[in-house]
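Number of protein chains: 2
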Amino acid sequence: MSLAGLSINLATIRQQYGFAAAVDACLAQNITAIAPWRDQIHAIGLDEAARIVRSNGLTVTGLCRGGMFPATTPEGLAAAIEDNKRAVDEAVALDAECLVLVVGGLPGGSRDLPAARGMVLDGLAALLPYAQAQNMPLAIEPLHPMYAADRACVNTLEQALDLCDQFGPDIGVAIDAYHVWWDPKLAEQIARAGAGGRILAHHICDWLVPTRDLLLDRGMMGDGVIDLKALRAMIEAAGYHGPQEVEIFSAENWGKRPGDAVIATCIERFETVC
Amino acid sequence: MSLAGLSINLATIRQQYGFAAAVDACLAQNITAIAPWRDQIHAIGLDEAARIVRSNGLTVTGLCRGGMFPATTPEGLAAAIEDNKRAVDEAVALDAECLVLVVGGLPGGSRDLPAARGMVLDGLAALLPYAQAQNMPLAIEPLHPMYAADRACVNTLEQALDLCDQFGPDIGVAIDAYHVWWDPKLAEQIARAGAGGRILAHHICDWLVPTRDLLLDRGMMGDGVIDLKALRAMIEAAGYHGPQEVEIFSAENWGKRPGDAVIATCIERFETVC
């Protein structure tokens, strides 16, 4: 099987490698699509990162991440919007296929989820024209409801698509198996997303039983309960055929194994269970 | 404030008390509504538990719990349905206001969530006539999506109400703040539930940030991020005015404090933040 359909999100090997070494490790196993995080880009410098991307002909399936809009003050929201514009600039420099947005949760002690969601809407409205002017699609990533308080108050595909529909084109969704697999409306909403041309990324990993940590205990594909082949079939039937991007946060397991072994396992599982 | 609107789910004080001692501890602080678990009832015996309920004029806001339908074999599903009939019998003996159903997750290594949901539908279809014959309402409790794999594959209020609508009357929902607070369709679906006369229970606790354990780190009301007053307003506007039932699984914090202090804190928070 060609590995053109496989991308490695560099969070998966962040404990082992900085950006340049991560790229080398991917290339050594014929992986030519990656998704870096902004802090990894900042550590090496945007120009050097962009040079590495171009000189190796890499596909950047997404830059992680913009978002985090809700704030306790108008100045805070304005600062978040400015930072998101820098994220757009970086995504453009890296020729990324989209800027992934984790929209943010409840700001500083707030219990007002509708207000946080309103700030996300305002933030997107301010950011989208800037991104459109540079031809950089924005990919809202609905996060699992267990992150509603502290990471993202957009928690279902339906909610993300409702947001997109308030804007029109150039904004869509990143569909991450970990965040959406449980959703009783998953098939319906993936079809809706595809019909609207809104599927911009397809992330994979697995849900472990038991899950020992809300953030850092994601599983390798095949080690959990997500029917990844069924998800892929829904996404492809909806018209999206881009790479599947492996994004595993696993501080105590995969994060502690040799990076080349992690990448080799991603490839083996991609070829067998995804 | 009268405490008639407050019920203590005995899971909240399970580490401190068996059924009889839990009742005594509640009565000592003028709590006259409780919700026991089946294992607590079995430990003392159904007849004795029913005698304690009657002799003290207690309200039983629900019996926890039936459900757990999905199984790896038809025999397993049939056994689950039989066990649920015993749960109905027990709820009737205790004069409970409803039997709470935690429907079950993926059976033994399955990745087939639609099939599990189908078994839930089949289980409910088999159980409901039995419950109706004894006048015992069934309350489907949609559980937070983080429990989809191992506890309940009904994960939103909308999904639970769609299930109810396949059956007609005598089946409804238990709305637990912990499970539903994040839902972008919460207000809409609570209104729908109320219009259909389907709100059978209202459970409260709080979502802590950070949450350190997926199951056993629920917060005391006021210690987390849930807007409990707003939730209560939605539920009351939808026509439900039954007690708020405090259900806190907190093995390492509230489970280790003296039971009377836990109950006193429940009362104080009920009077101030709920």
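Just so you know, the protein sequences line up as chains A and B, in that order. Residue 75 in the UniProt record's numbering sits at position 75 of the first sequence, with consecutive numbering throughout. Residue 173 in the UniProt record's numbering sits at position 173 of the second sequence, with consecutive numbering throughout. From the three backbone atoms N, C-alpha and C, an ideal C-beta is built for every residue, glycine too.
Is the Cβ of residue i closer than 8 Å to any Cβ of chain C?
i        : result
Met146/A : In the structure shown, chain C cannot be found, because the protein chains are A and B.
What's the call for residue i, buried or exposed, on a 16-neighbour Cβ count within 10 Å?
i             : result
Pro114/A      : exposed
Leu63/A       : buried
Ala237/A      : exposed
Pro74/B       : exposed
Pro70/A       : buried
Thr72/A       : exposed
Asp183/A      : buried
Pro210/A      : exposed
residue 277/A : With chain A running from 1 to 274 in the structure shown, residue 277/A is simply not present.
Glu82/A       : exposed
Glu268/A      : exposed
Gly239/B      : exposed
Gln40/B       : buried
Arg65/A       : buried
Ser55/B       : exposed
Pro36/A       : buried
Leu216/B      : exposed
Ala148/A      : buried
Asp244/A      : Per the sequence presented here, residue 244/A reads as Gln, with Asp not at that position. Per the 10 Å Cβ criterion, buried.
Does residue i get closer than 8 Å to chain A when you measure Cβ to Cβ?
i        : result
Gln166/B : no
Thr61/B  : no
Leu106/B : yes
Counting only beta-carbon atoms, is residue i nearer than 8 Å to chain B?
i        : result
Thr73/A  : no
Asp176/A : no
Leu161/A : no
Asn135/A : no
Thr272/A : no
Asp150/A : yes
Leu216/A : no
Go ahead and pull the three-state DSSP assignment for residue i.
i        : result
Asp206/A : strand
Ile31/B  : coil
Asp176/B : strand
Ile81/A  : helix
Ile226/B : coil
Ile248/B : coil
Ala148/B : coil
Ala201/A : strand
Gly105/A : coil
Trp37/A  : strand
Ser7/A   : strand
Arg192/B : helix
Leu127/A : helix
Arg65/A  : strand
Ala116/A : helix
Ala139/A : strand
Leu163/B : helix
Gly45/A  : coil
Gly259/B : helix
Thr265/B : helix
Gly76/A  : helix
Asp217/B : strand
Thr12/A  : helix
Val273/A : helix
Val92/A  : helix
Closer than 7 Å: is that where the CB of residue i sits relative to any heavy atom of the ligand MN?
i        : result
Leu138/B : By its list of ligands, the structure shown contains no ligand whatsoever, and the ligand MN lies outside what it can speak to.
Quiz item: Between the region 222-234 of chain B and chain A, which residues of the former have a C-beta closer than 7 Å to a C-beta of the latter?
Solution: Cβ contacts with chain A come from Val225, Ile226 and Asp227.
Quiz item: Does the count of Cβ pairs from the region 114-133 of chain B and the region 141-158 of chain A closer than 8 Å reach three?
Solution: Judged by Cβ distances under 8 Å, the region 114-133 of chain B makes no contact with the region 141-158 of chain A, as fewer than three pairs qualify.
Self-check item: Stretch pair the region 188-202 of chain B + the region 40-58 of chain B: three plus CB contacts closer than 8 Å
Solution: By the Cβ criterion, the region 188-202 of chain B is not in contact with the region 40-58 of chain B, since fewer than three pairs of Cβ atoms, one from each stretch, lie closer than 8 Å.
Quiz item: Is the number of C-beta pairs between the region 13-23 of chain B and the region 255-265 of chain A that are closer than 8 Å three or more?
Solution: In short, these stretches do not touch, since the Cβ pair count stays below three.
Practice problem: Closer than 7 Å, Cβ to Cβ, to anything on chain B: give me those residues from the region 179-192 of chain A, in chain order. | Solution: If the cut-off is 7 Å between Cβ atoms, the region 179-192 of chain A has Trp182 and Pro184 near chain B.
Quiz item: the region 198-211 of chain B: which residues have C-beta closer than 8 Å to a C-beta of chain A, in chain order?
Solution: Hits within the stretch, in order: Trp207, Val209, Pro210 and Thr211.
Self-check item: Interface positions of the region 110-129 of chain B facing chain A (Cβ-Cβ less than 9 Å), listed along the chain
Solution: Hits within the stretch, in order: Ser110, Arg111, Asp112, Leu113, Pro114 and Arg117.
Practice problem: Taking 8 Å as the threshold, find out whether the region 81-92 of chain B comes into contact with the region 220-229 of chain B through three or more Cβ pairs. | Solution: Contact fails: fewer than three Cβ-Cβ distances are below 8 Å.
Quiz item: Is the region 214-223 of chain A touching the region 193-201 of chain B, taking contact as three or more C-beta pairs under 8 Å?
Solution: Of all C-beta pairs linking the region 214-223 of chain A to the region 193-201 of chain B, fewer than three are shorter than 8 Å, placing the two stretches out of contact.
Self-check item: Selection of the region 80-101 of chain B by Cβ proximity to chain A, strictly under 7 Å
Solution: Cβ contacts with chain A: none found.
Quiz item: Relative to chain A, which residues along the region 242-269 of chain B have a C-beta separation below 9 Å, given in chain order?
Solution: Result list empty, no residue passes.
Exercise. Could you run through the region 7-31 of chain A and flag, in chain order, every residue whose CB is less than 7 Å away from some CB of chain B?
Key: Taking 7 Å as the Cβ-Cβ cut-off, the region 7-31 of chain A has no residue approaching chain B.
Quiz item: Between the region 134-147 of chain B and the region 90-108 of chain B, do three or more beta carbon pairs fall short of 8 Å?
Solution: With the cut-off at 8 Å, the region 134-147 of chain B and the region 90-108 of chain B touch.
Quiz item: Mind listing which residues of the region 38-64 of chain B have their C-beta closer than 7 Å to chain A's C-betas, in chain order?
Solution: Within the region 38-64 of chain B, no residue has a Cβ that lies closer than 7 Å to any Cβ of chain A.
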